[in-house]
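A short worksheet on the structure shown next.
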Amino acid sequence: MEGRSAMRTKSSWRTKGLLLVAVIPAFAAALLVGSESPSHAVTISLDDPATGGVDVILADGAVGDVSPAAGVVTYAGSIAGTFWTVNVTTALTYPALGTPGLAILDLNSVNATSSGAGAASLTIMASETGYTGPISGGSASFTHNVGGTTVGTASFAAYLDPGNALFTTTSLLGALGPFGPGAFSGTTTGSAATGSPFSLTLVASISHGAGGGSTSFDDELTSVPEPATLLLLGSGLVGMGWFGRKRLKKNDREA
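Residues 3 to 257 (the working numbering) make up the sequence shown, in order.
Laid out in structure tokens, this is it:
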């Protein structure tokens, strides 16, 4: 009995040892993943060309970003030394919107000049790196949509950089505008040769006349899925429809 008990004890410890060997590396890996800092961050900039240098540059998670969500950066405030008294500018991308392999970049903003202001212009940009697709035939394709309203004029452009650099406007994907004054909307499509990874940049240029007013817009760049992805999606929908019809027929027979 003592021998069997000893064997059981040794076997029990051997099993626990195997479990520990398996669990400890997994736990360590989880700690490493949790402690990793992001190697990318969606970034926005606001610049009045009448001032020297870029007025505001803000990255996701940096001091001044009023959004706590990953993949979202928001600036809210005035721009010192300019007529731009109210600015609420947000950029969204992965992981909040889209994925690296299904690239989406959105820029929305409300910008106002005071009633006693002179004429003013503002360039607003959003940029992110690390996108990986979809790429088909050595190029990536996108749909560029914008809508909003302005007291003055507004123009928009979207760019891809195969070198994966922030705020780099290597390849024009599409331009919209100028629009205004009043409500506006527009859509265009474009593609650019690239490998993986690549960066995307949206540029909005707005101008107000003397007397103040506001501009608000939502500008979005959305990747076009490659044909294989669309085929898989279509096959899945067909399969769901077939399964649903089969269940309906079965229920009818049972009734």
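Virtual Cβ for every residue (Gly too), placed ideally from N, Cα, C.
These numbers were taken from a predicted model, which means no experiment stands behind them.
Quick one: grab the DSSP three-state call for residue 232.
Bear in mind that the predicted position of residue 232 carries a pLDDT of just 43, short of 50, making it too unreliable to give a figure here.
For the beta strand (DSSP E) holding residue 108, just list the boundary residues, first then last.
106-115
Does any heavy atom of the ligand GDP sit closer than 7 angstroms to the C-beta of residue 115?
Summarising the ligand content, the structure contains no ligands, and the ligand GDP is consequently not present.
Looking only at its own chain, which residues have a Cβ that is under 7 angstroms from the Cβ of residue 120, when we skip the five neighbours before and after it?
85 and 212
Exposed or buried, which one is residue 68 when buried takes at least 16 other CB atoms within 10 Å?
exposed
Would residue 56 be called buried (16 or more neighbouring beta carbons within 10 Å of its own) or exposed?
exposed
Would residue 134 and residue 102 qualify as a contact pair, given that the criterion is a beta-carbon distance under 8 angstroms?
yes
Between the alpha carbons of residue 147 and residue 219, how many angstroms are there, rounded?
Within the model, the alpha-carbon separation for residue 147 versus residue 219 is close to 11 angstroms.
Can you give the beta carbon distance from residue 106 to residue 224, rounded, assuming they're within the 8 angstroms contact cut?
5 angstroms
With burial defined as no fewer than 16 other Cβ atoms inside 10 Å of the residue's Cβ, what is the status of residue 191: buried or exposed?
Looking at its Cβ environment, which holds fewer than 16 other Cβ atoms inside 10 Å, residue 191 is exposed.
Name the two residues that bound the continuous beta strand (DSSP E) containing residue 126.
122-133
May I ask you to list the residues that DSSP assigns as paired with residue 147?
Answer is 189 and 222, bridged to residue 147.
Would you report the Cα separation of residue 194 and residue 118, rounded to the nearest angstrom?
44 angstroms
By the three-class DSSP mapping on this structure, what secondary structure does residue 182 have?
coil
Go ahead and label residue 111 buried or exposed: buried means 16 or more other beta carbons lie within 10 angstroms of its beta carbon, across all protein chains shown.
buried
Look up residue 138 in the DSSP assignment and say whether it is helix, strand or coil.
Annotated three-state conformation of residue 138 is strand, per DSSP.
Am I right that residue 45 and residue 61 are in contact with their C-beta atoms under 8 angstroms? What's the rounded C-beta distance?
4 angstroms
Is there contact here, the segment 172-191 with the segment 63-81, by at least three beta-carbon pairs under 8 angstroms?
no
Thinking residue 93 and residue 109 are a contact (beta carbons under 8 angstroms), I'd like their distance in whole angstroms, please.
5 angstroms
For residue 59, which residues of its own chain have a beta-carbon under 6 angstroms away from its beta-carbon, when the five flanking residues on both sides are left out?
Result list for residue 59: 47, in chain order.
Please list the terminal residues of the continuous beta strand (DSSP E) segment that includes residue 96.
Per DSSP, residue 96 belongs to no beta strand (DSSP E) and is neither H nor E.
Which one of 159, 216 and 90 has the shortest CA to CA distance from residue 144?
159
Count the other CB atoms, across all protein chains shown, that sit within 10 Å of the CB of residue 51; report buried if there are 16 or more and exposed otherwise.
exposed
CB-CB under 6 angstroms to residue 49, same chain, minus the five flanking residues each way: which ones, in chain order?
56, 57 and 125
What whole-angstrom Cβ distance do residue 217 and residue 166 have, given they're in contact under 8 angstroms?
Actually they do not touch by this definition, with Cβ atoms about 31 angstroms apart.
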